[in-house]
Amino acid sequence: MGGGGPGQQQLQQLSQELQALDEEIEAVDGDIEDVRQEQRDIDDAIEALGTLDTGSTVQVPLGGGAYVRAELEDIDEVVVSLGGGYAAEQEEDDAVDTLERKRDALDDRIEELREEKSELEAESDELEQQAQQMQQQMQQQQMQQMQQMSGEGDEGE
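At the far end of the sequence shown sits residue 281, using this note's numbering, and the numbering has no gaps.
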């Protein structure tokens, strides 16, 4: 009697594929959270631009959790990262517009990531159904084998 060899191997392979998909889904969730954090940072910057004035005292991060106090020389001129390693000095209103556009572009990125996650989840559901069907078939085969074995002694006539 073979212990259901090929079916068991296929099930193991499906199980590994499912685990890999689960890890991909988790990674996409992490990416979505990173983008949301970036959006929150942009919202904080927009709020700061709305509340700070020239002459305000702010804490400037130096890195490693260290800060220094500084006085804003000119809130009307803001340096904004444009992406790709580029930055530009902009007036406050233009800076807010740029930041809002960046935030909206991140909405599109979140939508792309959600679609990717949905596709991965659909693939995962499909594989789970296949695995269940294979398990049921293997159980049925085992039942049939057991019935055949117990029925062999009765067929002596």
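Beta carbons: idealized from backbone N, C-alpha and C, even for Gly.
Review point. Beta strand (DSSP E) containing glycine 242: first to last residue?
Key: The amino acid at residue 242 is misidentified as glycine; the sequence shows serine. It is not in any beta strand (DSSP E) - serine 242 instead sits in the alpha helix (DSSP H) that spans 216 to 275.
Point to revise | Nearest-angstrom Cα separation, counted from serine 180 out to leucine 237 | key: Those two C-alpha atoms are separated by around 39 Å.
Practice item. Can you say whether alanine 219 is buried or exposed, counting buried as having 16 or more other CB atoms within 10 angstroms of its CB? Key: By the Cβ-count criterion, alanine 219 is buried, with 16 or more other Cβ atoms from all chains shown falling within 10 Å of its own Cβ.
Practice item. List the DSSP bridge partners of serine 205. Key: DSSP, once it has assigned bridges, lists Ala211 as partnering serine 205.
Practice item. Over the uninterrupted beta strand (DSSP E) stretch that includes glutamate 195, give me the two end residues. Key: Its beta strand (DSSP E) spans residues 190 to 195.
Check your understanding: glycine 126 by DSSP, collapsed to three states: which one?
Key -> Confidence in glycine 126 is poor, its pLDDT being 45 and thus under 50, which makes the residue's placement unreliable; the coordinate value appears in the next sentence. The three-state reading of DSSP puts glycine 126 in coil, since its state is none of H, G, I, E or B.
Review point. Which residue from Gln254, Asp232, Leu223, Glu224 puts its Cα closest to that of glutamine 136?
Key: Nearest C-alpha to glutamine 136: Gln254.
Practice item. Can you give me the Cβ contacts of leucine 142 inside the same chain, cut-off strictly under 8 Å, excluding the 5 residues immediately before and after it? Key: These residues qualify, in order along the chain: Ser248, Leu251, Glu252, Ala255.
Check your understanding: With burial defined as no fewer than 16 other Cβ atoms inside 10 Å of the residue's Cβ, what is the status of glutamine 184: buried or exposed?
Key -> Per the sequence shown, residue 184 should be read as valine rather than glutamine. Answer is exposed; the Cβ neighbour count stays below 16.
Check your understanding: Exposed or buried, which one is glutamate 202 when buried takes at least 16 other CB atoms within 10 Å?
Key -> A small fix is needed here, since residue 202 is valine in this sequence, not glutamate. Residue environment analysis places valine 202 among the buried positions, since at least 16 neighbouring C-beta atoms fall within 10 angstroms of its C-beta.
Check your understanding: Taking the alpha-carbon positions, what's the threonine 222 to leucine 206 distance?
Key -> Going from the Cα of threonine 222 to the Cα of leucine 206 covers about 8 Å.
Check your understanding: Expressed to the nearest angstrom, what Euclidean distance is found between the alpha-carbon atoms of glycine 208 and glutamate 245?
Key -> The straight-line gap from Cα to Cα measures roughly 32 Å.
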